[in-house]
Amino acid sequence: DVSQDIPGLMARAQSSLSAARLLIDNDYLGEAVSRAYYAMFYAATALLHSEGVSVAKHSAVISQVGQRFAKSGRLAPHLHRLLLDMFDERHLADYSGADFSDERVTVDYQNASEFVSAVQKYLEEQGYFESPTD
6 DVSQDIPGLM
16 ARAQSSLSAA
26 RLLIDNDYLG
36 EAVSRAYYAM
46 FYAATALLHS
56 EGVSVAKHSA
66 VISQVGQRFA
76 KSGRLAPHLH
86 RLLLDMFDER
96 HLADYSGADF
106 SDERVTVDYQ
116 NASEFVSAVQ
126 KYLEEQGYFE
136 SPTD
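If you want it as structure tokens, here you go:
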């Protein structure tokens, strides 16, 4: 049952966000972009696991999130766009040697945080976690 992996995946998402913040604070901007993307990837994987869906390829995860959650309105469509954009950003960071500005990386980090928070909220609403206000 892949839904058992959800807490661990969300913990990895939060850990990746924390790592991204540390990397930003220490001027490792490309590495921060990569970690921010992985935070989103782990959260997206958890989202799919909530429906019993397990796919391995990054492109398949992104596609399934769009089809199953963004198109249905269960996840705001702009969040799927953020995931798509961050996939491209991560590719640039990991493979092109592109330079990233502080401003760009800050936006990437904020987008990753927004995505992870939205997924956490959705999963809480589906009963996978106790919400902090309970």
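Heads up: the sequence shown is residues 6 to 139, going by this note's numbering. Glycine residues also receive a C-beta, built at the ideal position from the N, C-alpha and C atoms. Note that the structure is a prediction, hence the values are computed from the model and not measured.
Relative to the C-alpha of residue i, which residue among the options is closest?
| i | options | result |
| --- | --- | --- |
| K62 | S55, Y47 and V124 | Y47 |
| Q9 | M45, V58, Y33 and R86 | V58 |
| H85 | A123, Y100 and H96 | A123 |
| D93 | G35, A75 and N31 | G35 |
| T111 | N31, K76, S101 and A75 | N31 |
Just how far apart, CA to CA, sit residue i and residue j?
| i | j | result |
| --- | --- | --- |
| K126 | T50 | 15 Å |
| D139 | E129 | Below a pLDDT of 50, predicted positions are generally treated as unreliable, and D139, at 47, falls in that range; no measurement from the model is reported. |
| I29 | S68 | 29 Å |
| V66 | G13 | 17 Å |
| L53 | V70 | 7 Å |
Taking Cβ to Cβ, would you say residue i is nearer than 8 Å to residue j?
| i | j | result |
| --- | --- | --- |
| Q115 | S55 | no |
| A41 | D113 | yes |
| L88 | M45 | yes |
| L22 | S118 | yes |
| A37 | A18 | no |
| R95 | S20 | no |
Can you say whether residue i is buried or exposed, counting buried as having 16 or more other CB atoms within 10 angstroms of its CB?
| i | result |
| --- | --- |
| A16 | exposed |
| A98 | buried |
| E108 | exposed |
| Q72 | exposed |
| V60 | exposed |
| Y43 | buried |
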